[in-house]
Amino acid sequence: MTDQSLRILVFGAHPDDCDIKAGGSAALYQQSGHTVKFVSVTNGESGHQRLSGTELAEIRRAEAAAAGKSLEIEYEVLTNRDGYLQPTIEARFEIIRLIRSFQPDLILTHRPNDYHPDHRYTS
3 MTDQSLRILV
13 FGAHPDDCDI
23 KAGGSAALYQ
33 QSGHTVKFVS
43 VTNGESGHQR
53 LSGTELAEIR
63 RAEAAAAGKS
73 LEIEYEVLTN
83 RDGYLQPTIE
93 ARFEIIRLIR
103 SFQPDLILTH
113 RPNDYHPDHR
123 YTS
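Under my numbering, think of the first position of the sequence shown as 3, with each following residue one higher.
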């Protein structure tokens, strides 16, 4: 690690992507005194056979908040629809606004050639 305090911004396409992909590293950085923020670019409303999109999004938002709390990391979940993410100018401006506001030293996200369209567009 470094003596200089870093600001690390992690983007995931869905609630849980940040925790799954970077949770361990983020926890180590946070415990070492660095500032880490997780951002889910979609609301997580898709992917359950019984729950409605609204119900699932609420559950996943609560799970993200709990994960952030346990890691002492801010976790923001945006309102873009899960499965419908597109690289529009509006979506890009939202990401730019978050980056400029947080002023990170390091940004982590998905690989650009991921199998999932939401992951690709997030990267």
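All C-beta atoms, glycine included, are put in the ideal place defined by N, C-alpha and C.
Given the structure is predicted, the values throughout are model-derived calculations rather than measurements.
What distance in whole Å lies between the Cβ atoms of residue 11 and residue 109, which are believed to be in contact at a cut-off of 8 Å? 5 Å between Cβ atoms; contact.
Check the DSSP bridge columns for residue 13 and list the partner residues they point to. DSSP links residue 13 through a beta bridge to 41.
Starting from the Cα of residue 80, find the closest Cα among 72, 90, 100 and give me that residue. Closest option to residue 80, Cα to Cα, is 100.
Going by DSSP, what residues sit across from residue 82 in a beta bridge? Partner(s): 44.
Assign residue 75 to one of three DSSP states: helix, strand, or coil. In the three-state scheme derived from DSSP, where H, G and I count as helix and E and B as strand, residue 75 is classed as coil.
Contact between the segment 7-23 and the segment 60-72: three or more CB pairs below 8 Å? At 8 Å Cβ cutoff, the stretches touch.
Counting C-beta neighbours from all protein chains within 10 Å, is the total for residue 5 16 or more, i.e. buried, or is it exposed? So residue 5 ends up on the exposed side.
So, for residue 24: in the same chain, excluding its five sequence neighbours on each side, which residues have a beta-carbon less than 6 Å away from its beta-carbon? Sequence-distant Cβ neighbours of residue 24 in its own chain, meaning closer than 6 Å and more than five residues away, are 12, 110.
Residue 98 - partner residues in DSSP beta bridges: Residue 98 pairs with nothing; no bridge assigned.
I think residue 44 touches residue 82, with their Cβ atoms under 8 Å apart; what is that distance to the nearest whole Å? With a Cβ gap of about 5 Å, residue 44 and residue 82 count as contacting.
Using CA atoms only, rank isn't needed, just tell me which of 125, 37, 53, 105 is closest to residue 114. Among 125, 37, 53, 105, the Cα nearest to that of residue 114 belongs to 125.
For the alpha helix (DSSP H) containing residue 53, list its first residue and its last residue. Annotation for residue 53: no alpha helix (DSSP H) segment contains it, and DSSP assigns it neither H nor E.
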